[in-house]
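Residues in the sequence shown are numbered consecutively from 2, following this note's numbering.
Glycine included, every Cβ here is placed at the ideal spot set by N, Cα and C.
Fair warning: this is a prediction, and the values are worked out from it, not measured in the lab.
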Amino acid sequence: MRRLALSRLTGVEAPAGVELTTWTGAGEPPVDLTAVGFYCGPYEKVPDPIVGLAAGMPALEVVQVLSAGVDRVADRLLGGVTLCNGRGLHDASTSELAVGLMIAAQRDLAGMVGAQARQQWAPPTRNLGLTGRTVLIVGYGSVGAAIERRLSGFGVHVLRAARHAREGVHPVAELDGLLPLADVVVLAVPLTAETEGLMDAARLALMRPGALLVNVARGAVVDTAALLDATASGRLRAALDVTDPEPLPPGHPLWTTPGVLITPHVGGGIEESVAAARALVSRQLVHWAAGEPLENVVRPALPSATPPSHEEVGEQAALAEGRGPAGSTSAVTGALDSAPAQRRPSPSRSGRPHPAGDACSGR
C-alpha cells in the first residue's frame, strides 16, 4: 500500500512506497487531504493554507516543522499526531547572524551605511569592540552553543543560561543575577508560556547601562514597550532579528529609535539551510515509510483527542532542543490550526521526545 505525503518544500526525495506531492500553496491542495499521512509545510514564514483543514485529515500521522521553534504549531495539534521540528537546520545561519548583529551594533555599521548613502566621511557615533566583553547567552540549545563556538575567536567571556542547569550552564532562575554582569545579552530561547515576556521592564532594568540586547529568538520574548523605553532613553541598545509585532509595521517607533538595529527575521534564510531542510525531510520520509524512529521529535503521538497545553508544549520543546535526534516514526511538517479526529496511534508510530535539554530560537 502506497502512503501519501504532501510537501510545501520543493526538492524533497521520497522513497519507494511513498507517493509525494509537492504543492506551492497556490490554489487548492492537489491531493486528497483525507489520505495524507505526512505533511511538510512551507519553509518560508508565511501563512499555511492547510491551517484550519486538519480536522478533515484523519490519516495524518506526523507534522514536521522546518523551524526549531514550534510555538505556532504545537498547541494546535491533536495528541495523535507526532510533531517534529527543524532542530539543527538553522544553527549555523542563526548563530552567524547573531554574531554579525553584535559586531554591527558595537561598531555602528548602520550609522556608517547611512553616512555612505549621504556621501559623508563621518566617524561612527560608537566604535566598540567585543574583545574583553562578557556575553550572556540565554537559551543554550543547539543555536546557543553555535553562537558560543562562533564567538570563540573574539576574546569574550561567555555566560550561559538555560531552562535546566548543567555543567557550565546556569538555570534561567538565576537570570536576574546574570544580567548585570553582561555587556551583551543574546536571546536564543523558544517562545513558550514561560519565555513570553521573559525580558520585561524589570529585567531590562537589570542590564548594564549601555549594554546590547540581541534577539534571534522570537519577538514576544521581549516586552516591546519596555524595550522602547529602555532604548529611547539611551540606557540600552538592541539588535533585533525578530520583533513583536512581526512584521514590524511602518511607523512603529522601533524603526526610528536610536541604538536599535533591525533585520527582518532572516536568521535561518540562507541557501545552505534550505538544502539541509530538503535532506532532513527526505530522511524523515524514509524513516516514516520504514517504521523507523523519526528525527527531531518534539512531541510523540499520544492516544489523546485534546491538543496538549501550552505549558506541556513548552516543556516538550525544551526537552527536544538540547540533546539531538531520537523518537517517533510518524511525521508531518507544517502548521495545523485544528486537529484530525481522535485515533489511537499504532505502536510502530509512537516515539519519545529528546532527553533533557533546552530549546533555542525559533527559526
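Rounded to a whole number of angstroms, what is the C-alpha to C-alpha distance between R151 and H288?
In a straight line, the C-alpha of R151 is about 33 Å away from that of H288.
Cβ-based neighbour list, E149, same chain, cut-off 7 Å, excluding 5 preceding and 5 following:
The residues are I138 and V159.
Can you look up S8 in the DSSP assignment and give me helix, strand or coil?
Taken through DSSP and simplified to helix, strand or coil, S8 comes out as strand.
When the Cα of Q65 is compared with those of E29, M113 and R284, which residue comes out closest?
The option with the nearest alpha carbon to Q65 is R284.
Is it the case that the segment 120-128 contacts the segment 89-105, given that we only count it when at least three CB pairs across the two stretches are under 8 Å?
Counting Cβ pairs under 8 Å, fewer than three are found: no touch.
Which of helix, strand or coil does DSSP assign to A332?
Because the pLDDT of A332 is 31, which lies under 50, any placement of that residue in the model is unreliable, and the number read from its coordinates should be weighed accordingly. Coil.
Count the other C-beta atoms from every protein chain shown that fall within 10 angstroms of the C-beta of G268, then say buried if there are 16 or more, exposed otherwise.
It is buried - the Cβ of G268 has at least 16 other Cβ atoms within 10 Å.
Between the segment 250-265 and the segment 12-20, do three or more beta carbon pairs fall short of 8 Å?
In short, these stretches do not touch, since the Cβ pair count stays below three.
CB-CB length for A212 against D184, believed under 8 Å
The pair is a contact, with the Cβ atoms about 6 Å apart (cut-off 8 Å).
Considering only heavy atoms of the ligand MN, does any lie closer than 7 Å to the CB of R150?
This structure lacks the ligand MN, and indeed carries no ligand of any kind.
Cβ pair V37, V63 closer than 8 Å
No; because the gap between Cβ atoms is not below 8 Å, this pair is not in contact.
Who are the Cβ neighbours of A233 in its own chain at under 6 Å, not counting the five residues just before and after it?
Excluding positions up to five away in sequence, the list reads T258.
Residues in the same chain with beta-carbon distance under 6 Å from L241, minus the five sequence neighbours each way, listed in chain order, please.
Counting only Cβ-Cβ distances below 6 Å, and skipping sequence neighbours, we find N216 and I263.
A118 classed as buried or exposed, judged by whether at least 16 other C-beta atoms fall within 10 angstroms
A118 is exposed by the Cβ-count criterion.
On the DSSP letters alone, give me the boundaries of the beta strand (DSSP E) that R1 sits inside.
There is simply no residue 1 to check, as the chain begins at 2 and stops at 364 in what is shown.
Terminal residues of the alpha helix (DSSP H) in which V267 lies
From DSSP, V267 is part of no alpha helix (DSSP H); its letter is neither H nor E.
Euclidean distance between Cα positions of A302 and T135
When rounded, the separation of the alpha-carbon atoms in A302 and T135 is 42 Å.
Residues in its own chain within less than 6 Å of A336 by CB, not counting five upstream and five downstream?
No answer about A336 holds up, because its pLDDT of 28 lies below 50 and its placement is not dependable.
Quick check on the DSSP output: what are the complete beta strand (DSSP E) runs of length 3 or more inside the segment 150-236, in order along the chain?
Listed in chain order, they are 158-163, 185-188 and 213-216.
Residue from M200, R209 and N86 whose Cα sits closest to the Cα of R219
It is M200 whose Cα lies nearest to the Cα of R219.
DSSP three-state label for R284, please.
The answer is helix: DSSP assigns R284 an H, G or I state.
Determine the DSSP secondary structure at A123, reduced to helix, strand or coil.
Annotated three-state conformation of A123 is coil, per DSSP.
Measure how close the beta-carbons of R161 and G169 come, nearest whole angstrom, since I'm counting them as under 8 Å.
Contact between R161 and G169 holds: their C-beta atoms lie close to 6 Å from each other, under 8 Å.
Check this for me: beta carbons of L7 and T22, under 8 Å apart or not?
A contact, by the Cβ cut-off of 8 Å.
Secondary structure of A93, DSSP reduced to three states
The three-state secondary structure of A93, taken from DSSP, is helix.
Since A93 contacts A147 with CB under 8 Å, what's their CB separation in whole angstroms?
Correct: roughly 6 Å between the Cβ atoms.
D245 burial status per 10 Å Cβ neighbour count (16 or more: buried):
D245 is classed as buried because its beta carbon has at least 16 other beta carbons within 10 Å across all chains shown.
Hey, could you find the ends of the beta strand (DSSP E) A239 is sitting in?
Taken as a continuous stretch (DSSP letters only), the beta strand (DSSP E) holding A239 covers R238 to L241.
Could you give the first and the last residue of the continuous alpha helix (DSSP H) run that contains V114?
Element bounds for V114: L110 to A118.
A17 in three-state terms, based on DSSP
It is coil, neither helix nor strand.
I need the boundaries of the beta strand (DSSP E) containing T135, first residue and last residue.
Residues T135 to V139.
Can you tell me where the beta strand (DSSP E) holding G38 begins and where it ends?
Unbroken beta strand (DSSP E) run through G38: V37 to C41.
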